[in-house]
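In what follows, a single structure is set out as structure tokens and then discussed.
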Amino acid sequence: MSGIVEVFHARFTEHAYPSHTHDAWTLLVLDEGVVRYDLDRREHGALPPFVTLLPPHVPHDGRSVRPEGFRKRVLYLDRALLDDGLVGAAVDAPSLRDAALRREVHQLHNLLARPHELFEAQSRLALIRERLLGHLRPRLGDPPVRRDSGVARRLRDLLDGSVPRGLSLDEAAQALNAHPAHLVRAFRREYGLPPHQYLIGRRLDLARRLLLAGHRPAEAAAMAGFYDQSHLTRHLIRMVGTAPGRYARGLAPETVTGTGRAESRALPPVYPSRRAND
């Protein structure tokens, strides 16, 4: 995926890293254990609540503090993702205590194991970049919140026209001549959810209509733009609590009557409705 050079998951017990450098930014989270490391000849520690950001071309090493070792997940980020002028700030404060950032990094690792979730992965990477910039740049006061309804509506129209085919965040940014992070931020501010979630909702609406029209789950998944039937199943269960086959038969969750018969029910759209002046 653009912006990520490598993904690395590992568990170490006795291994200790000698001093070395990387060509990329190193974004590390620990799931277990504690790591002590020297960065530019200054000692630091990495712990599970923190996100650790190590800049490119700055020497660092690493060793476990505890005998049971440590388990880590690493994203090596393309140097172009963050400006080289931020290296000094990262050297001074490589440990970031930011629960929201850590959640985004965790989600991105999960998404990278599912290549059919490219749009969401790109959206989360854009948000991670924004949070990293917030930590690395000098705090000159929070800028005023600027609503950009125009670009949000244009992105929504683009998504509406790309439901089965799909598109990447990079493609949307190029088409709308906007930065990916700005698109995600503007869309979420305008409609209350990120663009990848909106697109999934539109696909679910289409898949549900196809299922009720008699299409088999695998056919409905492909026609609605899902990677495969299991991809549709996972999102449909998350949204309405029912697998595609059961939904197609009109068996929604929690609709059993006192006589034991299951009843179908209409389910509302899972995407924002258009405004009157759109």
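So the numbering used here is basically just the index in the sequence shown, starting at one, shifted up by 16. Where a beta carbon is used, it is the ideal one built from N, C-alpha and C, also for glycine.
CB contact flag (residue i, residue j, <8 Å)
i	j	result
His151	Asp114	yes
Val81	Arg119	no
Glu30	Phe86	no
Val21	Leu128	no
Leu192	Leu183	no
Ala26	Lys88	yes
Thr37	Pro65	no
Met17	Leu134	yes
Val121	Leu46	no
Residues near residue i in its chain [Cβ-Cβ closer than 6 Å; skip 5 each side]
i	result
Ala168	Ala202, Phe203, Glu206
Leu63	Val50
Pro196	Ala142, Leu185, Ala189
Gly276	Confidence at Gly276 is low in this model, with a pLDDT of 32, below 50, so the placement of that residue is unreliable and no value is reported for it.
Ala264	Leu227
Enclosing alpha helix (DSSP H) for residue i [first to last residue]
i	result
Leu228	211–228
Glu187	185–192
Glu206	196–207
Gly261	260–264
Ser246	245–256
Ser165	165–176
Ala238	233–240
Where the beta strand (DSSP E) through residue i begins and ends
i	result
Thr68	67–70
Thr42	41–48
Ala62	58–62
Gly78	76–80
Pro34	33–36
Arg87	86–93
Glu22	20–28
Leu55	51–55
Residues near residue i in its chain [Cβ-Cβ closer than 7 Å; skip 5 each side]
i	result
Pro131	none
Ala237	Ala223, Asp244, Gln245, His247, Leu248
Leu117	Val67, Ile144, Arg147
Ser165	Glu206
Gly19	Leu93, Asp94, Leu97, Leu141
Glu187	none
Leu112	Phe66, Val67, Leu69, His151
Neighbourhood of residue i by C-beta, 8 Å cutoff - its chain only, sequence neighbours within 5 removed
i	result
Val179	Leu215, Arg218, Arg219, Leu222, Ala240, Gly241
Val161	Note that Val161 scores 49 on pLDDT, short of 50, meaning its location in the model is unreliable; the coordinates nonetheless yield the value given after this. Only Arg205 meet the Cβ criterion.
Val124	Sequence inspection shows Leu at residue 124; the Val mentioned does not correspond to that position. Result list for Leu124: Leu91, Ala137, Arg140, Leu141, Ile144, in chain order.
Ala32	Asp77, Gly78, Arg79, Ser80
Pro260	Ala223, Leu227, Pro233, Ala236, Ala237, Gln245, Leu248, Thr249, Leu252
Arg153	Leu102, Ala105
Pro83	Thr29
Gly61	Val50, Val51, Arg52, Tyr53, Val81, Ser111
Residue i: CB within 7 Å of a non-hydrogen atom of the ligand SAH
i	result
Arg172	This structure lacks the ligand SAH; in fact it carries no ligand of any kind.
C-beta neighbour in chain C for residue i, strict 8 Å
i	result
Ala189	You won't find chain C in this structure, because it holds only one protein chain.
Touch check for the stretch 201–210 and the stretch 235–254: three-plus C-beta pairs under 8 Å? no
Does the pairing of the stretch 91–106 with the stretch 56–67 give three or more beta-carbon distances under 8 Å? no
Mind the definition here: the stretch 211–219 touches the stretch 167–182 only if three or more C-beta pairs lie below 8 Å; say whether that holds. yes
For the stretch 142–150 against the stretch 174–182, are there 3 or more C-beta pairs whose distance is under 8 Å? no
Say whether the stretch 69–80 touches the stretch 103–111, bearing in mind that this needs 3 or more beta-carbon pairs closer than 8 Å, one atom from each stretch. yes
Could you pull out every unbroken alpha helix (DSSP H) segment of at least 4 residues lying fully inside the stretch 99–133, listed in chain order? 103–108, 115–128
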